[in-house]
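All remarks here apply to the structure that follows.
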Ligand code: UDP
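Numbering (my numbering), first residue to last: 1149 to 1608.
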C-alpha cells in the first residue's frame, strides 16, 4: 500500500466518534478505508472505552481523550444533559492535548474527522488551523429534516411537516424522528441533533454514511448547501468489495459476542428459515412489549435468533425459554454482520437503527422494522415505502406491538406474497451498495477525492 507522504511525513487523519456502538462502528470503518488509501489514521475514543475494552490496534491506532467520566462512561453521568455538558468541556481540552501530543510525535495531524454529534470538536480543529470534516452517522434524509428544523427553529411535528423539504418523500408525523413525533420526549437529545448544524458552515467537508443511489435526491439537495461526500456503507470490506485483505469485522464491541455457539446453531438451519431479531445497542423495551415479542415469535413457528442482553432477560415471560428451546437461541450480543450474511437468515426483525438498516440493505436481507425512537421511524418509512425491502409494524392504542402483529409481519416477510418482491429489492440494494464502495464507485471516488483534498490543503 502506497503511503501518502509529503517529504518524509505521512498524511495523518484523527477521527473522533461519539462513544457509542452505532457511532464507533462507522467511523472506525471509515478510518480503515482511509488507511487502505495510504493515510495514517488514529481513532480517539474516551478513556472509559479504551480502559474497559482494551481495543486491539489493527490498521488504525487508538488514542484516548476524556469525556469527564473515565470510570463509568455515560452510566456515571447524572443524565444526558450532564454527560454532554461535561464531554464538551473536558473533551475539548483533552482533544486539544491529544492533537498537541501527536503533533510533536513525528506524525502531526493533517485533518480532524469528527462526529457531527460533537460540533465543538470543529472549533478545536480550527484552533490548530486544521481542516475539519463532520461525519454524519445517520441517513441523509434524517440529517436534512434536522437541518430544516434547526434553520427555522422548529420542533413542533405539524409545523415541520408544512416546511417544503425537497428530496424527501411525503412524510407523516409518525415518519419523523421521534423527537418531533413525541414532542418534549428527550429535549437534550433533540438539542444534540439540531446542534449538528450549529457551526457546520465552517466544516471543510460533510461526510455521510450513506451512498448516492440510496438517497440520491436528498443527497443532491444537501450537496447544494454543504460540501457533501457520501462515504458509505461503512461495512467491513469483506462484506462488500473484498478489496481490503483481512478487513472482516468491526473491531470494537461494547459487549462480547458468542460467535461459536451462534454460528454453529445457524449452520444447522435450512436456507432462509431463521428470524434474526435485534434492537441494537441502546433500546430497552418494556416487559409487556418483550412478552408480546416473545409470544409473537413463538406463534410464527420459525427458528429464531434473538439478541436479549443479560440485563433484559428478566423481562421475558417465565416459561418462554423452556417452551422454545427447540426453536430459538437467545444471545447477549451477536456477531451481527456474520449473522446477517448467513444463508440461514430469512429476515431481520429490527429497531431500524441506521447501521442495522445499512447492514441489512448491504447484505440483501428483507426487514421487519419496529422503530423505537430517534431516527428509526424515518428509516422504517424508507424501508417500507422508498426502498421497499421490508414492512413496518403497527403499534396498538396502548403503544404496544401485539403478539398477533409480530406474528403477522414475520409471516408476511418470511412467506407472504410480498416475499419475492422484497427479496428482489433487497438483492438490488446489495448490488448497489457493493458497486458504491468498489473501485470507481461513488463512495470510492468520494473517498479518493477527500484524500486528495486533504493532501492539497496540506500543500497550501
Ligand atoms: N450490533 C452487533 N451485535 C448485536 C447488536 C448490534 O454487532 O447483537 C451492531 C450492529 O451490527 C450495528 C450496531 O451494533 O453496527 C448498532 O447500531 P445501530 O445504528 O443499528 O443501532 P443503535 O445501537 O445505535 O441503536
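Glycine included, C-beta positions come from ideal geometry on N, C-alpha and C. Values in this document were obtained by computation on a predicted structure and should not be read as measured data.
Any 3 or more C-beta pairs closer than 8 Å across the region 1308-1318 and the region 1283-1300: yes
Would you call residue 1349 buried or exposed, if buried means 16 or more other Cβ atoms sit within 10 Å of its Cβ? So residue 1349 counts as exposed.
Which residues DSSP lists as bridging residue 1194, in chain order: 1213
Quick one, which of 1185, 1336, 1251 and 1347 has its alpha-carbon nearest residue 1263's? Relative to the Cα of residue 1263, the nearest Cα in the group 1185, 1336, 1251 and 1347 belongs to 1347.
For residue 1259, which beta-bridge partners are listed by DSSP? 1161
Consult DSSP for residue 1570 and reduce its assignment to one of helix, strand or coil. Correct three-state label for residue 1570: helix.
Among 1570, 1559 and 1379, whose alpha-carbon lies nearest the alpha-carbon of residue 1174? 1379
Cutoff 6 Å; reference residue 1194; Cβ partners in own chain excluding five residues on either side: 1167 and 1215
Below 6 Å, is the gap between the Cβ of residue 1430 and the nearest heavy atom of the ligand UDP? yes
Counted within 10 angstroms of its Cβ, other Cβ atoms place residue 1210 as buried (16 or more) or exposed: buried
Got a sec, what are the start and stop residues for the alpha helix (DSSP H) residue 1275 sits in? 1268-1275
So, using beta-carbon positions, are residue 1292 and residue 1366 closer together than 7 Å? In this structure, residue 1292 sits near residue 1366, with a CB-CB distance shorter than 7 Å.
Please check the pair residue 1337 and residue 1327, which I expect to be a contact at CB under 8 Å, by giving their CB distance rounded to whole angstroms. Right, the Cβ-Cβ distance comes to about 6 Å (below 8 Å), so this counts as a contact.
Compute every distance between the C-beta of residue 1357 and the non-hydrogen atoms of the ligand UDP, then say whether any falls below 6 Å. A distance criterion of 6 Å places the beta-carbon of residue 1357 beyond contact range of the ligand UDP, judged by its closest non-hydrogen atom.
Count the other CB atoms within 10 Å of the CB of residue 1555; is the residue buried (16 or more) or exposed (fewer)? buried
Coarse secondary structure for residue 1540, derived from DSSP in three states: When secondary structure is reduced to three states using DSSP, residue 1540 falls in the strand class.
Exposed unless 16 or more other CB atoms sit within 10 angstroms - verdict on residue 1533: exposed
Taking 6 Å as the limit between beta carbons, can you name the residues of its chain near residue 1610, skipping five residues before and five after? Since the displayed the chain opens at 1149 and closes at 1608, residue 1610 lies outside it and no answer follows.
Along the chain, where does the beta strand (DSSP E) that runs through residue 1425 open and close? 1422-1426
Which residues does DSSP list as the beta-bridge partners of residue 1183? DSSP lists no partner for residue 1183.
How far does the alpha helix (DSSP H) with residue 1495 in it reach, from first residue to last? Premise fails: residue 1495 lies in the beta strand (DSSP E), 1493-1498, not in any alpha helix (DSSP H).
For the region 1452-1520, list the beta strand (DSSP E) runs that are entirely contained and at least 3 residues long, ordered along the chain. Counting whole runs of 3 or more residues, the region 1452-1520 contains the beta strand (DSSP E) stretches 1476-1479, 1493-1498 and 1515-1517.
Coil, strand or helix - residue 1435 by DSSP: In the three-state reduction of the DSSP assignment, residue 1435 falls in the helix class.
Tell me, to the nearest whole angstrom, how far the beta carbon of residue 1282 is from that of residue 1523; I am working on the premise that it is less than 8 Å. 16 Å between Cβ atoms; not a contact.
Would residue 1261 be called buried (16 or more neighbouring beta carbons within 10 Å of its own) or exposed? Buried, since its Cβ has 16 or more Cβ neighbours within 10 Å.
Cβ distance (whole Å) where residue 1152 is taken to contact residue 1585 below 8 Å: About 19 Å separates the two Cβ atoms, so there is no contact after all.
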